Amino acid sequence: MKFVSIIMGSKSDYDIMQEAGKIFEKFGVQYELLVSSAHRSPERTHQYVKQAEEKGAKVFICAAGMAAHLAGVVSSLTTKPVVGVPMRGGAMDGMDALLSTVQMPSGMPVATVAIGGAINSAYLAMQILAIDDEELSAKLKEDKILKAKRVETDSMGIEVII
Ligand code: RP5
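If you count by the numbering used here, then the sequence shown holds residues 12 to 173, one letter each, in order.
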């Protein structure tokens, strides 16, 4: 069973990260979602990543805030692609999480999206899966076409062109 794993450092990340789940549901992509912290539950995180890989996880999405080490720790435990989502909150409102997530040492990559970028994390994970999945690739192409059409529709009625 091929799926994407979404790991959140805290239940407080859920409101934002459930948006990634909704995208997977829309595209018919299987996913798991759970809370496991790099700091508060390191054993659970290690065990889960190993188990998820064995079960068929192809991409990991890791969302964490503040001193965000979850994506980095998961990257140290797997050779599957890891997408990091820095979360808002704390004294620096996400800048700390952004830098903690993106500034990985060489050889331990984390593909970091914007602060709170749950939706792009899902799209990036799907684009990775679509490399060898024609059906998903076709759905993503269709989605891009729809988005381009929406831009034209939005412009119609308000545009001023001379
Ligand atoms: C991180 O610290 C979590 O990912 C969350 O974004 C942040 C705050 O966690 P809580 O104190 O709300 O559980 O570990």
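Idealized CB from N, CA, C, for every residue including glycine. As the structure is a prediction and not an experimental result, all values here were calculated from the model.
- Between the segment 72–90 and the segment 14–30 there are three or more inter-stretch CB-CB distances shorter than 8 angstroms, so the stretches are counted as touching.
- Residue pairing by DSSP places Ala-125 opposite no residue, since no beta bridge is assigned to it.
- Residue burial annotation: Thr-164 is exposed, with fewer than 16 other C-beta atoms found within 10 angstroms of its C-beta.
- With contacts defined as CB atoms closer than 8 angstroms, Ala-63 and Ala-129 fail to qualify as a contacting pair.
- Between Phe-35 and Ala-141, the C-beta gap is not smaller than 8 angstroms, which leaves the two residues out of contact.
- Linking Ala-79 to Gln-138 through their CA atoms gives a straight-line distance of about 24 angstroms.
- In this structure, the CA atom of Val-60 is about 7 angstroms from the CA atom of Val-85.
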